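Undergrad:
In C-alpha cells form, the structure reads like this:
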C-alpha cells in the first residue's frame, strides 16, 4: 500500500555542503548582471547563476531554476527574479548564497489545505507524488502555492485539482515532473504562466486509460490561447513527443474518452 502523508511530516535536513557546483562559462543573465571574466568570490550573491545543471536533479540553489537553452535535461542555473503575488507574501527573492533546499521522500503527499502545503516549504526535490486535491465535494482550500517557491523537481506525478487557486504563483522554480502533470477542475484558475520554467514532463498511466504527459481539463477560466502557448512551448522543448489532453476548459469539449479520464481524476487524483 502506498504511504500517504497529510501533515506533520519532517523533511530531511537541509543540505549545506559549501558552495554549489562551479559556474559554466556562459551566463544566462546579460546586461548589468553579466559577470563573464570576473572571479567568483565568497561574497557572491548569486553563486548558482551559470552553474551547469540538469533539469531533473534539483541541484540549483534556493530561488534558482535550471534553464536549458534547448530541450531538457542539460541547462544552466539562473535566478528566479519574481514569484509573482508570492513576493508580497514571503518577500521578493533574496537568492541566499550557497544554499540548497531539502529533499522530501514520500509515496503520496496529499495537500487539502494551506497547513498541509507547509510540509513543502524549503523543499527542492519531492521524491513521490504531489496531490493538491480534495476528494469528494468541495475544493482544496489552499489559497496560494507560495510555500513551493523552492520546489524544482517532483520524481513522480503532480495533480492540482478541485482547488480554490486563482494562479500558480510559487511554482516558478519547477522544472521537472517525472510522471505526469494533471491540472483539472479548478474553477477559478486563470493562468499557467507561472509554469514557464517547466520543461520536462514524463508520461503517466492511470488505470484503464492511455498514458499521458499532461492533462489540462475542467478549468473554465483558463484562456484557450494561454493553454495553447503552454502546450506548444513544451512540445517544442520535447521534440513534439508529449501526449497532452486539453478539454472542458473555456471552449473545447472533451471526447467521451477524455471525459472518462477527467471523471477518474476528479474521483481519485493520480493515485489510482
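In the working numbering, the protein residues as written are -15 to 256.
Glycine residues also receive a C-beta, built at the ideal position from the N, C-alpha and C atoms.
Being a predicted model, the structure only gives us computed values, none of them experimental.
1. Between the segment 69 to 80 and the segment 122 to 141, can you find at least three pairs of beta-carbon atoms closer than 8 Å?
2. For residue 229, report the span of its beta strand (DSSP E) as first-last.
3. Assign residue 216 to buried or exposed, taking buried as 16 or more other Cβ atoms, counted over all protein chains shown, within 10 Å of its Cβ.
4. List the residues that DSSP assigns as beta-bridge partners of residue 88.
5. Can you give me the Cβ contacts of residue 246 inside the same chain, cut-off strictly under 7 Å, excluding the 5 residues immediately before and after it?
6. Helix, strand or coil for residue 210, going by three-state DSSP, please let me know.
7. Using a threshold of 9 Å, state whether the C-beta atoms of residue 73 and residue 48 are closer than that.
8. Considering only DSSP beta bridges, list what residue 61 is partnered with.
9. Strictly by DSSP, which residues pair up with residue 145?
10. Which residues does DSSP pair with residue 78 in a beta bridge?
11. For the putative contact between residue 52 and residue 59, defined by C-beta atoms under 8 Å, what is the C-beta separation to the nearest angstrom?
12. Cα separation between residue 244 and residue 194?
13. Around the Cβ of residue 224, are there at least 16 other Cβ atoms within 10 angstroms (buried) or fewer (exposed)?
14. In the DSSP assignment, what are the bridge partners of residue 184?
15. Of the choices 98, 254, 162 and 142, whose alpha-carbon is the least far from that of residue 192?
16. Who are the near neighbours of residue 242 in its chain, counting only those whose CB is closer than 6 Å to its CB and skipping five residues on each side?
17. Roughly how many angstroms separate the alpha carbons of residue 93 and residue 220, rounded to a whole number?
18. Is residue 164 buried or exposed, if buried means 16 or more other CB atoms sit within 10 Å of its CB?
19. Is residue 38 helix, strand or coil by DSSP?
20. DSSP puts residue 196 in a beta bridge; with which residues?
21. Residues in its own chain within less than 7 Å of residue 55 by CB, not counting five upstream and five downstream?
TA: The structure says:
1. Taking 8 Å as the limit for Cβ pairs, the verdict is that the segment 69 to 80 does touch the segment 122 to 141.
2. Residue 229 sits at position 245 when you count from the first residue of the chain shown. First-last of the beta strand (DSSP E) with residue 229: 228 to 231.
3. The residue labelled residue 216 in the question sits at position 232 within the chain shown. Exposed is the call here.
4. Here residue 88 refers to the residue found at position 104 of the chain shown. According to DSSP, residue 88 bridges with 110.
5. Counting from one through the chain shown, the residue named residue 246 turns up at place 262. Taking residue 246 as the centre and dropping the five residues before and after it, the same chain places the C-beta of 168, 201, 202, 232 and 238 closer than 7 Å to its C-beta, in chain order.
6. Within the chain shown, the letter at position 226 stands for residue 210. Helix, per DSSP.
7. What you label residue 73 is simply residue 89 of the chain shown in a count that begins at 1. What you label residue 48 is simply residue 64 of the chain shown in a count that begins at 1. No, these two residues do not count as a Cβ contact at 9 Å.
8. For the purposes of this step, residue 61 is identified with residue 77 of the chain shown, where counting begins at 1. BP columns for residue 61 point to 50.
9. As a position in the chain shown, residue 145 is number 161, starting the count at 1. Bridge partners of residue 145: 117 and 168.
10. Within the chain shown, residue 78 is the residue found at index 94, counting from 1. According to DSSP, residue 78 shares a beta bridge with no other residue.
11. By 1-based counting over the chain shown, the position of residue 52 is 68. By 1-based counting over the chain shown, the position of residue 59 is 75. With 8 Å as the limit, residue 52 and residue 59 qualify as a contact, their Cβ atoms being about 4 Å apart.
12. Numbered from its first residue, the chain shown carries residue 244 at position 260. Numbered from its first residue, the chain shown carries residue 194 at position 210. Whole-angstrom Cα-Cα distance: 11 Å.
13. In the chain shown, counting from the first residue as 1, residue 224 sits at position 240. With a threshold of 16 other beta carbon atoms within 10 Å, residue 224 falls short and is exposed.
14. To locate residue 184, count along the chain shown from 1; it is residue 200. In the DSSP assignment, the residues bridged to residue 184 are 160.
15. As a first step, residue 192 is located in the chain shown; it is residue number 208 there, counting from the start. For residue 192, the closest alpha carbon among the candidates 98, 254, 162 and 142 is that of 254.
16. For the purposes of this step, residue 242 is taken as residue 258 along the chain shown, with counting starting at 1. Taken in chain order, the residues that qualify are 229 and 231.
17. Mapped onto the chain shown, residue 93 falls at position 109. Mapped onto the chain shown, residue 220 falls at position 236. The alpha-carbon atoms of residue 93 and residue 220 are separated by roughly 31 Å.
18. Sequence index remark: in the chain shown, residue 164 carries index 180 (1-based). Buried: at least 16 other Cβ atoms inside 10 Å.
19. Residue 38 sits at position 54 when you count from the first residue of the chain shown. Three-state result, residue 38: strand.
20. Start at 1 with the first residue of the chain shown, and residue 196 comes out as number 212. Paired residue(s): 188.
21. Your numbering for residue 55 matches position 71 in the chain shown. Result list for residue 55: 221, 222 and 223, in chain order.
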